[in-house]
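Read the structure below first, then the notes.
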Amino acid sequence: MKLPIRFIGAGGAHEVHWGNSSALIEWQGSNFLIDCGFTVYPRLLQANLVDKIDAVCITHLHDDHIGSLSVLLYHRHFISRLPPLPVIVGTSELYAKLYTYLHFLMGEVELFAEVKLAEDYKPFLQALSTARLHAPHMPSCAYLFLSDEANVLYSGDIAEPLPILRDREWVAQHQPLFVFHDVSFQRSASHCYYEDLYPFLERASIWGYHCDPAQAPANNQIPLVHHTFMLA
Ligand SMILES: [Zn+2]
6 MKLPIRFIGA GGAHEVHWGN SSALIEWQGS NFLIDCGFTV YPRLLQANLV DKIDAVCITH
66 LHDDHIGSLS VLLYHRHFIS RLPPLPVIVG TSELYAKLYT YLHFLMGEVE LFAEVKLAED
126 YKPFLQALST ARLHAPHMPS CAYLFLSDEA NVLYSGDIAE PLPILRDREW VAQHQPLFVF
186 HDVSFQRSAS HCYYEDLYPF LERASIWGYH CDPAQAPANN QIPLVHHTFM LA
């Protein structure tokens with residue numbers, strides 16, 4: 006099957022020539038935007054997609070994941086005059102922090118956004134908490150999009166392979182499983198070293214993002230999204 010996912014950007018915070026990592030996934034008739042970093046709104050605007058998003062999923066609160074969220078929300082409210090946009094988070098801890106952040110920036114959050122927990126989107130969307138696996142102070146989460154045909158797992162930023170991938174039974178029950186995973190070509194305390202994903206390549210179809218392909222060693226075995234899944 007052709008996966009209904011297109012990346013708005015696939016770089017990290019400092020690889021802005023690839024854009025901040027963010028993806029649009031069409032699932033159950035709705036367009037979900039995953040993350041909205043500081044390079045994302047300009048790209049959405051250019052591609053005429055600002056009004057076509059039905060909900061935004063937020064993985065965590067670094068600026069390369071939320072840095073243009075308020076601008077997107079302002080655009081939809083003041084220019085497009087659309088109702089508040091659902092903004093989905095995975096855990097109550099992330100909910101509280103995102104709400105506080107939006108309140109600080111925008112005041113009356115409810116005018117612009119409907120902050121919701123992913124459990125409202127059961128059974129076709131689930132969030133998996135990865136709290137403190139990316140940054141020690143920070144709630145974060147991965148998102149799993151489920152259907153009878155395929156399941157798509159989006160890791161968000163994380164310093165190690167998603168823990169759920171170690172559960173062979175779970176992985177077997179969720180086939181076919183397509184995984185979009187944070188990768189780094191240097192060992193780091195906050196991103197997943199590419200070779201650490203090798204044991205999982207047999208269990209699921211995995212593509213890496215949040216990196217610069219020019220930094221990939223010649224022997225890298227993790228396919229990258231950069232030439233396959235980018236928004237045209
Ligand atoms: Zn981050």
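Counting from 6, one number per residue, gives the positions in the sequence shown under our numbering. Built from N, CA and C at the ideal position, the CB exists for glycine as well.
{"Query": "Strand pairing of residue 93, partner residues [DSSP]", "Result": "62 and 121"}
{"Query": "At least 3 beta-carbon pairs within less than 8 Å: the segment 51-70 vs the segment 14-21", "Result": "yes"}
{"Query": "Stretch-stretch touch, CB-based, cutoff 8 Å, three pairs: the segment 110-119 with the segment 148-164", "Result": "no"}
{"Query": "Helix, strand or coil at residue 188 [DSSP, three-state]", "Result": "coil"}
{"Query": "heavy atom of ligand 1 below 6 Å from residue 19 C-beta", "Result": "no"}
{"Query": "Residue 150 in three-state terms, based on DSSP", "Result": "strand"}
{"Query": "Backbone CA spacing between residue 121 and residue 90 [nearest angstrom]", "Result": "10 Å"}
{"Query": "Sequence-distant residues of its chain with Cβ nearer than 6 Å to residue 56 (five each side left out)", "Result": "85"}
{"Query": "Proximity below 7 Å, CB of residue 213 to CB of residue 188", "Result": "yes"}
{"Query": "Residue environment, residue 130, which counts as buried when at least 16 other CB atoms sit within 10 Å", "Result": "buried"}
{"Query": "Residue 35, DSSP secondary structure in three states", "Result": "strand"}
{"Query": "contact_flag[the segment 72-80, the segment 33-43] where n(CB pairs < 8 Å) is 3 or more", "Result": "yes"}
{"Query": "Any residue whose CB is nearer than 5 Å to a heavy atom belonging to ligand 1, listed in chain order", "Result": "67 and 162"}
{"Query": "In DSSP terms, what residue 131 is bridged to", "Result": "149"}
{"Query": "Inter-residue Cα distance where the pair is residue 100 and residue 228", "Result": "33 Å"}
{"Query": "Three-way DSSP call (helix, strand, coil) for residue 182 in this model", "Result": "strand"}
{"Query": "Nearest candidate by alpha-carbon position, reference residue 139, set 195, 159 and 236", "Result": "195"}
{"Query": "Pairwise C-alpha distance: residue 24 and residue 113", "Result": "30 Å"}
{"Query": "Distance, residue 78 Cα to residue 48 Cα", "Result": "15 Å"}
{"Query": "Bridge partners - residue 30, DSSP secondary structure assignment", "Result": "10 and 37"}
{"Query": "Residue 111 to residue 98 span [Cα, whole Å]", "Result": "20 Å"}
{"Query": "For residue 224 and residue 326, the rounded distance between their alpha carbons", "Result": "Residue coverage of the chain in this structure runs from 6 to 237, which leaves residue 326 outside it and unanswerable."}
{"Query": "Neighbourhood of residue 102 by C-beta, 7 Å cutoff - its chain only, sequence neighbours within 5 removed", "Result": "66 and 144"}
{"Query": "Backbone CA spacing between residue 218 and residue 104 [nearest angstrom]", "Result": "34 Å"}
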